[in-house]
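Colleague:
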Amino acid sequence: MAILEVRKLYKSFGSNNVLKGIDFDLEEGKVLSIIGSSGSGKTTLLRCITSLETADKGSITVNGKMVFDDENHHKLTKEEIRKNRLSVGLVFQDFHLFPQYTVLKNVTLACELQAKKDPQWKQNKKQILADIEENAKTILAKVGLSEKLNAYPCELSGGQKQRVSIARALAMNPSILFFDEPTSALDPELTGEILKVIRDLAAAKMTMVIVTHEMAFARDVSDHVIFMDGGVIVEEGDPEQVINNPQQERTKHFLSRFQEK
Amino acid sequence: MTIFMLNAAGTVSFWTATKTLAEGWLENCTLFALTLVFALPLGLIITFGSMSKFKPLSYLTRTFVWIIRGTPLMLQLMVVFYVPGLLFETPFKNRMLAALIAFVINYAAYFSEIYRGGIESIPKGQYEACQVLGMTKSQTFFKVILMQVVKRVVPPMGNEIITLVKDTSLARIIAVAEILMTAEIYTAKGIIWPLFYTAVYFLAFCGILTLLFGFIEKKLDYYKG
Ligand SMILES: Nc1ncnc2c1ncn2[C@@H]1O[C@H](COP(=O)(O)OP(=O)(O)OP(=O)(O)O)[C@@H](O)[C@H]1O
Ligand SMILES: [Mg+2]
Chain P
28 MAILEVRKLY KSFGSNNVLK GIDFDLEEGK VLSIIGSSGS GKTTLLRCIT SLETADKGSI
88 TVNGKMVFDD ENHHKLTKEE IRKNRLSVGL VFQDFHLFPQ YTVLKNVTLA CELQAKKDPQ
148 WKQNKKQILA DIEENAKTIL AKVGLSEKLN AYPCELSGGQ KQRVSIARAL AMNPSILFFD
208 EPTSALDPEL TGEILKVIRD LAAAKMTMVI VTHEMAFARD VSDHVIFMDG GVIVEEGDPE
268 QVINNPQQER TKHFLSRFQE K
Chain A
531 MTIFMLNAAG TVSFWTATKT LAEGWLENCT LFALTLVFAL PLGLIITFGS MSKFKPLSYL
591 TRTFVWIIRG TPLMLQLMVV FYVPGLLFET PFKNRMLAAL IAFVINYAAY FSEIYRGGIE
651 SIPKGQYEAC QVLGMTKSQT FFKVILMQVV KRVVPPMGNE IITLVKDTSL ARIIAVAEIL
711 MTAEIYTAKG IIWPLFYTAV YFLAFCGILT LLFGFIEKKL DYYKG
C-alpha cells in the first residue's frame with residue numbers, strides 16, 4: 028500500500044480555485060518531485076497534506092491514516108489533526124527557526140514537548156531527555172552541524188539555517204518529509220549543501236516530496252516527477268521522461284522557459 | 531497628614547523637606563507598584579479579548595480600549611472617584627483605592643495594545659513551524675511565541691512604565707497625598723523650592739528604571755529576530 032494517497036483533492040481560496048482534482052500515490056522510500064510554474068498550487072498542495080490548510084474536497088491518507096476525507100464527513104478533532112501532523116514533516120522555504128533557541132534546542136524542543144505526553148515521562152524523565160538530545164546530535168551530525176549545536180539561528184548562514192530546519196523536521200521521525208522550495212531563499216552557492224543533505228536522505232530511503240525549481244536536481248534525485256499547472260497534474264512519470272522528454276505542450280513550454288533562465 | 535515643621539524664621543530645612551516629600555513619594559511608589567502588579571496581567575487578558583475570534587468580544591474590548599485611550603487619565607480618575615458617590619451616595623472613602631482602580635484600567639488598556647502589537651508582529655511562519663511539529667496551541671504560545679513577544683515589547687513597555695512614574699502625580703487631583711500635593715503645602719506657605727525639589731525624586735526613579743530596562747534589553751540581546 029502506498030504511504031501517501033491523495034485522491035481528487037480540491038482547494039479554493041474564495042473564488043480562486045487553486046487545486047482542481049489532484050490525484051497521486053507515493054510508495055514508501057521513494058522520492059517525488061513536484062515542479063510547476065508560480066501560482067500553480069504546489070505550496071497549497073503541501074499545506075493541505077500537512078494540515079496547515081484544510082482542503083475542500085477529496086481525501087488524503089498518510090500511512091493508512093486518514094488525514095482528510097470530505098466524504099466520510101467525519102470531522103477530525105484538533106487533537107487528531109495534531110497527531111496526524113506527527114507523521115509528516117515540512118521544511119519551509121524560509122526556515123522558520125525559533126530565534127530564541129540554540130540549534131540543538133530548535134531540534135529537541137518539539138520532541139521534548141511530545142515526550143511529556145508519554146506515560147513513562149514521570150519516572151524516566153532524565154533518560155528520555157538524554158535520548159532526545161542524543162538523537163538530535165546524531166541528526167545534526169548527519170547534516171554537518173556538529174560544530175554549531177550551541178549557536179543561535181541569527182549566527183548561521185542561510186544554508187546552515189535550512190539544514191537545522193531539516194534536522195528539526197527529521198527529529199520528529201516523520202514517515203514522509205515534505206520540502207517547499209528548500210533552496211529558493213538561498214544564495215546560489217549555498218544550494219549545493221542542501222541538495223547534498225536531501226541526496227543523503229534519499230540514499231537512506233527517506234520518503235520525500237520535494238517542490239523545487241532545481242530541474243537537474245529533481246531529475247537526479249527523484250523516482251517520480253509531477254508537473255503541475257493551473258491546479259492540475261499535467262504530466263507525471265519517470266524523471267528522465269518528464270524533464271528531458273516532456274510530452275505535453277504545457278510541460279515543454281514550462282521547461283523551455285526554465286532553460287532560458 | 532504630616533505635621534509641617536517650619537522653623538522660627540518661617541523657612542524649612544533641606545532635610546525636613548526631604549523627609550516630608552519622601553512621605554508623599556511613598557504614595558507615588560505605592561500607586562506605581564500596585565498599578566504594575568494589576569495592570570500587567572490585566573493587559574494580557576484585554577489583549578486576548580481584543581484578538582479573540584469571537585467578534586462581539588473583540589469589538590467590545592476594542593471599544594473599551596478606544597474609550598480609555600481616548601480620554602484623559604485625569605478625567606478617568608475623577609469618574610472613578612466621584613461617580614459612585616453620585617450614583618449610590620456612597621463616596622469613595624479610600625482615595626488611594628480610587629486612584630489605583632483608575633490607573634490599573636488606564637494602564638492595562640495601554641499595555642494591552644503594546645502586547646497586541648508584539649504578538650501580531652510575530653511572523654505567521656513561527657506558528658506554522660510549531661503546528662507541523664505537532665505542538666499544541668498553548669505549547670506554541672508559551673514555548674515559542676511568548677519569549678519573542680517579550681523581547682519585542684520591552685522597549686515600548688519601558689517607555690510606558692516611565693510615563694507611569696510621572697503620571698502617579700495625577701492622583702493629586704483626587705487629593706491623594708502624593709509628592710506634588712505635599713510640596714504644594716509648602717508652596718501655600720510661600721516656600722517654593724520644595725516644589726522644584728520633587729523633580730529630583732522623579733529623575734532618580736526614572737533613571738533607575740532606564741538602567742533596569744537597558745539591562746533587560748541587553749539580557750535579551752543574545753539573539754536577533
Ligand atoms: N492563504 C491564501 N489565501 C488566498 N489565496 C491563496 C492563499 N495561499 C495561496 N493562495 C493562492 O493560491 C494560488 C496558488 O498558490 P501556491 O502558493 O500554492 O502556488 P505555488 O505553486 O506554490 O507557487 P510558487 O512557485 O510561486 O511558490 C495563488 O494564486 C495564490 O495567490
Ligand atoms: Mg510555493
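Chains as they are written, first to last, in my numbering: chain P, 28 to 288; chain A, 531 to 755. Where is the CB? At the ideal position from N, CA and C, for every residue including glycine.
Give the interface partners of residue 684 of chain A over in chain P, defined as CB-CB distance under 9 angstroms, in chain order.
Modeller: On the second sequence, position 154 is the one that residue 684 of chain A refers to. The contacting residues do not exist; residue 684 of chain A stays about 13 angstroms from chain P at best.
Colleague: Using the C-alpha atoms, what's the distance from residue 652 of chain A back to residue 606 of chain A?
Modeller: For the purposes of this step, residue 606 of chain A is identified with residue 76 of the second sequence, where counting begins at 1. For the purposes of this step, residue 652 of chain A is identified with residue 122 of the second sequence, where counting begins at 1. Computed Cα separation, rounded: 33 angstroms.
Colleague: Suppose contacts are defined by Cβ-Cβ distances below 8 angstroms. Is residue 338 of chain P in contact with residue 744 of chain A by that definition?
Modeller: Nothing about residue 338 of chain P can be read from this structure; chain P reaches only from 28 to 288.
Colleague: Quick one: measure Cβ to Cβ for residue 580 of chain A and residue 595 of chain A, integer angstroms, because I've assumed they're closer than 8 angstroms.
Modeller: Here the question's residue 580 of chain A lines up with position 50 in the second sequence. Here the question's residue 595 of chain A lines up with position 65 in the second sequence. About 6 angstroms separates the two Cβ atoms, so the contact holds.
Colleague: Looking at residue 58 of chain P and residue 250 of chain P, is the spacing between their C-beta atoms short of 8 angstroms?
Modeller: Taking the first residue of the first sequence as 1, we reach residue 250 of chain P at position 223. Taking the first residue of the first sequence as 1, we reach residue 58 of chain P at position 31. Contact: yes.
Colleague: Evaluate residue 191 of chain P with the Cβ neighbour count: other Cβ atoms within 10 Å of its Cβ, from every protein chain shown; 16 or more gives buried, anything less gives exposed.
Modeller: Residue numbering aside, residue 191 of chain P sits at position 164 when the first sequence is read from its first letter. So residue 191 of chain P counts as buried.
Colleague: So, does the CB of residue 532 of chain A fall closer than 8 angstroms to a CB anywhere in chain P?
Modeller: As a first step, residue 532 of chain A is located in the second sequence; it is residue number 2 there, counting from the start. Confidence in residue 532 of chain A is poor, its pLDDT being 47 and thus under 50, which makes the residue's placement too unreliable to answer from.
Colleague: Using a Cβ cut-off of 7 angstroms, pull out every chain A residue sitting near residue 126 of chain P, in sequence order please.
Modeller: Here the question's residue 126 of chain P lines up with position 99 in the first sequence. Here the neighbours are 678, 753, 754 and 755.
Colleague: Which chain P residues are close to residue 669 of chain A, counting only those with a beta carbon under 7 angstroms from its beta carbon?
Modeller: The residue labelled residue 669 of chain A in the question sits at position 139 within the second sequence. Correct list: 140.
Colleague: Between residue 115 of chain P and residue 134 of chain P, how many whole angstroms is the CB-CB distance? I'm expecting something under 8 angstroms.
Modeller: Here residue 115 of chain P corresponds to residue number 88 of the first sequence, with the count starting at 1. Here residue 134 of chain P corresponds to residue number 107 of the first sequence, with the count starting at 1. The pair is not a contact, with the Cβ atoms about 17 angstroms apart (cut-off 8 angstroms).
Colleague: Helix, strand or coil for residue 102 of chain P, going by three-state DSSP, please let me know.
Modeller: As a position in the first sequence, residue 102 of chain P is number 75, starting the count at 1. In this structure, residue 102 of chain P counts as coil in the three-state DSSP scheme.
Colleague: If we cut at 8 angstroms on Cβ distances, does residue 687 of chain A have a partner in chain P?
Modeller: What you label residue 687 of chain A is simply residue 157 of the second sequence in a count that begins at 1. So no, residue 687 of chain A is outside the interface.
Colleague: What residues match up with residue 235 of chain P in a beta bridge as DSSP calls it?
Modeller: Numbered from 1 along the first sequence, position 208 holds the residue referred to as residue 235 of chain P. Paired residue(s): P:58 and P:204.
Colleague: Assuming residue 91 of chain P contacts residue 28 of chain P (C-beta within less than 8 angstroms), just tell me the rounded distance between them.
Modeller: Taking the first residue of the first sequence as position 1, residue 91 of chain P is located at position 64. Taking the first residue of the first sequence as position 1, residue 28 of chain P is located at position 1. The pair is a contact, with the Cβ atoms about 7 angstroms apart (cut-off 8 angstroms).
Colleague: Taking only heavy atoms of ligand 2 into account, decide whether any of them is closer than 7 angstroms to the Cβ of residue 70 of chain P.
Modeller: The residue labelled residue 70 of chain P in the question sits at position 43 within the first sequence. For ligand 2, at least one heavy atom lies less than 7 angstroms from the Cβ of residue 70 of chain P.
Colleague: Using a Cβ cut-off of 9 angstroms, which residues of the stretch 220-252 of chain P contact any Cβ in chain A, in chain order?
Modeller: Residues passing the 9 angstroms Cβ filter: none.
Colleague: So, at 7 angstroms on beta carbons, what are the nonlocal neighbours of residue 34 of chain P in its own chain, with the 5 sequence-adjacent residues on each side left out?
Modeller: Mapped onto the first sequence, residue 34 of chain P falls at position 7. 50, 85 and 86, listed in sequence order.
Colleague: Would you check if the stretch 707-722 of chain A and the stretch 540-555 of chain A touch, i.e. whether three or more CB-CB distances between them fall below 8 angstroms?
Modeller: Touching, yes, given that three or more Cβ pairs across the two stretches are closer than 8 angstroms.
Colleague: According to DSSP, is residue 76 of chain P helix, strand or coil?
Modeller: For this step, residue 76 of chain P is matched to residue 49 along the first sequence. Correct three-state label for residue 76 of chain P: helix.
Colleague: Going by C-alpha to C-alpha distance, which of P:66, P:95, P:44 and P:71 sits closest to residue 32 of chain P?
Modeller: As a working note, residue 32 of chain P is residue 5 in the first sequence. Looking at the Cα atoms, P:95 is the closest of the given residues.
Colleague: Under three-state DSSP, which class holds residue 262 of chain P?
Modeller: Taking the first sequence and counting its residues from 1, the one referred to as residue 262 of chain P is at position 235. Residue 262 of chain P: strand per DSSP, three-state reduction.
Colleague: How big is the Cα-Cα spacing for residue 171 of chain P and residue 164 of chain P?
Modeller: The sequence position of residue 171 of chain P within the first sequence is 144, counting from 1. The sequence position of residue 164 of chain P within the first sequence is 137, counting from 1. Cα-Cα distance, rounded: 10 angstroms.
Colleague: Between residue 656 of chain A and chain P, is the shortest Cβ-Cβ distance under 8 angstroms, so that the two count as touching?
Modeller: Residue mapping note: residue 656 of chain A aligns to position 126 of the second sequence, counting from 1. Yes, residue 656 of chain A lies at the interface with chain P (some Cβ there is under 8 angstroms from its Cβ).
Colleague: Would DSSP call residue 269 of chain P helix, strand or coil?
Modeller: Your numbering for residue 269 of chain P matches position 242 in the first sequence. Three-state result, residue 269 of chain P: helix.
Colleague: Does DSSP classify residue 598 of chain A as helix, strand or coil?
Modeller: Numbered from its first residue, the second sequence carries residue 598 of chain A at position 68. Of the three classes helix, strand and coil, the one that applies to residue 598 of chain A here is helix, per DSSP.
Colleague: Between residue 631 of chain A and the rest of its own chain, which residues show a CB-CB distance below 8 angstroms, the 5 nearest in sequence each way excluded?
Modeller: Sequence index remark: in the second sequence, residue 631 of chain A carries index 101 (1-based). Result list for residue 631 of chain A: 610, in chain order.
Colleague: Any idea if residue 76 of chain P is buried or exposed, counting beta-carbon neighbours within 10 angstroms, 16 or more meaning buried?
Modeller: Mapped onto the first sequence, residue 76 of chain P falls at position 49. It counts as buried.
Colleague: Grab the span of the beta strand (DSSP E) containing residue 44 of chain P for me, first residue to last.
Modeller: Along the first sequence, read from residue 1 onward, the residue named residue 44 of chain P stands at position 17. 43-53 is the extent of the beta strand (DSSP E) around residue 44 of chain P.
Colleague: For a quick check, are the C-beta atoms of residue 277 of chain P and residue 261 of chain P less than 8 angstroms apart?
Modeller: Numbered from its first residue, the first sequence carries residue 277 of chain P at position 250. Numbered from its first residue, the first sequence carries residue 261 of chain P at position 234. Yes. Within cutoff.
Colleague: Pick out whichever of P:232, P:280, P:62 and P:123 has its Cα sitting closest to the Cα of residue 243 of chain P.
Modeller: As a first step, residue 243 of chain P is located in the first sequence; it is residue number 216 there, counting from the start. Ranking P:232, P:280, P:62 and P:123 by Cα distance to residue 243 of chain P puts P:62 first.
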